[in-house]
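Undergrad: Quick one: structure below, then a few questions.
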Amino acid sequence: MRLIRFRDLEPTPWKNGGGVTREVARLADPEKPGAFLWRVSIATVDAPGPFSPFPGIDRTIAVLDGDGIRLDMRGGARTLTPSDPPFAFDGEEPVHCTLPGGATTDLNVMTRRGRYRHDMTRLAVGRDSLVRPGAGICLLAACGPLRLQAEGTVWEMETGDTLAEPGSGPMRLSAAAAETSACLVTIV
Numbered sequence: 119m120r121l122i123r124f125r126d127l128e129p130t131p132w133k134n135g136g137g138v139t140r141e142v143a144r145l146a147d148p149e150k151p152g153a154f155l156w157r158v159s160i161a162t163v164d165a166p167g168p169f170s171p172f173p174g175i176d177r178t179i180a181v182l183d184g185d186g187i188r189l190d191m192r193g194g195a196r197t198l199t200p201s202d203p204p205f206a207f208d209g210e211e212p213v214h215c216t217l218p219g220g221a222t223t224d225l226n227v228m229t230r231r232g233r234y235r236h237d238m239t240r241l242a243v244g245r246d247s248l249v250r251p252g253a254g255i256c257l258l259a260a261c262g263p264l265r266l267q268a269e270g271t272v273w274e275m276e277t278g279d280t281l282a283e284p285g286s287g288p289m290r291l292s293a294a295a296a297e298t299s300a301c302l303v304t305i306v
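Take any residue in the sequence shown, count from 1 to its spot, add 118: that is its number in the working numbering.
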């Protein structure tokens, strides 16, 4: 188990100047230098604009903090807030985002189609919630202040903090605020 603090992640500015990405974890593609087989990152979106295309990649996004993000796509528009479930889409899909209420922070999971699959679930965290990670590579990202206990260790987590490889045993989550949630990511 490893706790990755959001504040320790190095921000990488976007080429279009609309935000920054902080990479949480990745598996490099040994056949394509600079490419990945899977990647988990946290983006801070500061300005409206297009998403970068990722051909051959399956993507899922969940808002961690902020008033939300509106995604305009071929199939229509989708607005996501910190209380909405994660939203999955193809990396080739042209997406333009707007920010109805200002800057937004979101969790992104991307996997190379045909090589890896992923699932992201938003969990409501109450005073005492029990979570059992599934098989595969697991990460748990906080969407607000929470306490996590696993295998005899207790962590105090803030928004964007991520527990990598929590093991297969149960995790206890608790939060003082009723609207706190966490995103459980599984990659297989």
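Beta carbons are placed, not taken as given, at the ideal position from N, Cα and C, and that holds for glycine.
If we count the other Cβ atoms within 10 Å of its Cβ and call it buried at 16 or more, is T280 buried or exposed?
TA: Burial call: buried.
Undergrad: Can you tell me the Cα-Cα spacing of C256 and R235, whole angstroms?
TA: Answer to the nearest angstrom: the Cα atoms are 12 Å apart.
Undergrad: What does the alpha-carbon distance come out to for the pair L308 and V138?
TA: Look at the range of the chain in this structure, 119 to 306, and you will see that residue 308 is not part of it.
Undergrad: Write down the C-beta distance between L127 and I160 rounded to the nearest angstrom, noting that I regard them as a contact closer than 8 Å.
TA: L127 to I160, Cβ: 7 Å. Contact.
Undergrad: Assuming M191 contacts E211 (C-beta within less than 8 Å), just tell me the rounded distance between them.
TA: That pair is a contact at about 6 Å.
Undergrad: Confirm, please, whether the CB-CB distance from P203 to T239 is below 9 Å.
TA: Yes, the Cβ-Cβ distance between T239 and P203 is below 9 Å.
Undergrad: Around the C-beta of R125, are 16 or more other C-beta atoms found within 10 angstroms, so that it is buried, or is it exposed?
TA: Classification of R125: exposed, given that the 10 Å Cβ count is below 16.
Undergrad: Between which two residues does the beta strand (DSSP E) harbouring S247 extend?
TA: Looking at the DSSP string, the run of the beta strand (DSSP E) that includes S247 is S247 to V249.
Undergrad: Between the stretch 206-225 and the stretch 266-274, do at least 3 Cβ pairs fall closer than 8 Å?
TA: No, the stretch 206-225 does not touch the stretch 266-274.
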